[in-house]
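Data block below; observations after.
Below, the structure written as structure tokens:
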């Protein structure tokens, strides 16, 4: 397996996407799911246990009861860091569906990685890809070839959106970006 090499596709509308590496998914037990819910201080949907989703980055994914619960989450970063180091994972990603069936955003996502020095990643490609893998694994959406619009970053004042394309044989993660700084670094 090669790591770090990602093929990007750029459309005429400046939409950039990448194909997620084939995920390896390991469901966790109910006790572990409850422990993480306590650490994240987030009300979790107990229909699905948390799962470790390995796409190169190793995320533990949990589904909250709704998008509001995701936004209200107040993680204990010290406890999460300890947990992540013990589990040898990148971090935890929690998501929940928006209840108003908003066409502009279907799910709210937050990705926490204090063991990597990033308490919260405002817009995380691998975290969102892991969420898409979780959704497909548990059959949460009824149809294949679904497109899910993910909103992330609002909790840290850096709103972003990603488009998650779920196919039977692959997952594409993409969106648009804005250049904030341009330059060259000499090492």
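Residue numbers (the working numbering): 3 to 189.
Yeah, the Cβ is synthetic: ideal placement off N, Cα and C, and Gly gets one too.
*Does the Cβ of residue 168 have 16 or more other Cβ atoms within 10 Å, making it buried, or fewer, making it exposed?*
buried
*Report buried or exposed for residue 131, applying the criterion of at least 16 other Cβ atoms within 10 angstroms of its Cβ.*
Around the beta carbon of residue 131, 16 or more other beta carbons lie within 10 angstroms, which makes this residue buried.
*Curious, which full-length beta strand (DSSP E) runs of at least 3 residues does the stretch 16–42 contain?*
Fully enclosed beta strand (DSSP E) runs of 3 or longer: 18–21 and 26–29.
*Counting Cβ pairs, one atom from each stretch, are 3 or more of them under 8 Å apart for the stretch 85–94 and the stretch 156–167?*
Fewer than three beta-carbon pairs drawn from the stretch 85–94 and the stretch 156–167 are found closer than 8 Å, and the two stretches are therefore not classed as touching.
*If you run the structure through DSSP and keep just helix, strand and coil, what is residue 73?*
helix
*Among 30, 165, 111 and 60, which one has its Cα closest to the Cα of residue 18?*
Nearest C-alpha to residue 18: 165.
*Could you check what DSSP says for residue 51 in three-state terms: helix, strand or coil?*
coil
*Are residue 52 and residue 38 touching if we call contact CB-CB under 8 Å?*
yes
*Output the boundary residues of the alpha helix (DSSP H) element that contains residue 127.*
Residue 127 -> alpha helix (DSSP H) spans 127–140.
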